[in-house]
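Take a look at the structure below.
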Amino acid sequence: MQPGYLAAKHELLLVSDSGLLMKEDTLTDMVAHMTPDVGIVHQMPFTCDRKGWPAILEKVYFGTGHARMYLFLGLLDALGFGVNCCTGMSCLMRKKVLDEAGGISAFGIYLAEDYFFAKYIQDRGWGIRIASQPAWQNAGICRVKTFLSRLTRMGLLPLASLSL
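Take -5 as the starting number for the sequence shown in our numbering and just add one per residue.
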């Protein structure tokens, strides 16, 4: 990510996973949520339509329990409670705030750098917002074992990255 960051010439920087489907108006939607008090806009994870039972399991998870939690935490943050639920699959950030941290490479020490992008930005008084469009995960073949391993990793990464 560092070469792209160094080459960036605009005030907003989009970092997104390579397996995401971006619609034609996704970036426009994210920019619309970047109001003057917001430092990072992220997308709620969801999945593209795929065939097979494992893909259905994944869609049900991301469309129900995970979505409910994600949107509730996003609401709490919007109400001023300082909650960070950013998973980072797709984040639009103010480059000047990252510059103050020493650039994007300053976050390379973290396993879940996306969470720490948002934490750093939020700790400096900037808001976090969820875009209207979800992050459409388009990762190809889905297997139950892979999905369950992913859920485990998603649960453990933030804990492993925090110092107690």
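Note that beta-carbon positions come from the ideal geometry of N, C-alpha and C, so glycine has one too.
Within the DSSP secondary-structure output, residue 35 pairs in a beta bridge with 86, 123.
Classified as buried, residue 129 has 16 or more neighbouring CB atoms from the shown chains inside 10 Å of its CB.
Counting only residues of its own chain and dropping the five nearest sequence neighbours on each side, residue 116 has a CB closer than 6 Å to the CB of 78, 122. The Cβ-Cβ distance between residue 111 and residue 82 falls below 8 Å. The beta carbon of residue 132 lies closer than 6 Å to those of 13, 15, 42 in the same chain, with the five residues before and after it left out.
Counting C-beta atoms within 10 angstroms of its own C-beta, residue 139 has fewer than 16 neighbours from the protein chains shown and is therefore classed as exposed. Collapsing the DSSP output to three states places residue 105 in coil. For residue 99 against residue 11, the beta-carbon gap comes to about 19 Å, at or over 8 Å, which does not count as contact.
For residue 26, the uninterrupted alpha helix (DSSP H) segment begins and ends at 20 to 26.
In the structure shown, residue 143 falls within a helical segment according to DSSP collapsed to helix, strand and coil. Burial check for residue 33: the Cβ neighbour count within 10 Å reaches 16 or more, so the residue is buried. The beta carbon of residue 141 sits closer than 7 Å to those of 48, 51, 52, all from its chain and outside the five residues before and after it, given in chain order.
Residue burial annotation: residue 108 is buried, with at least 16 other C-beta atoms found within 10 angstroms of its C-beta. Straight through space, the alpha carbons of residue 7 and residue 134 are spaced by roughly 26 Å.
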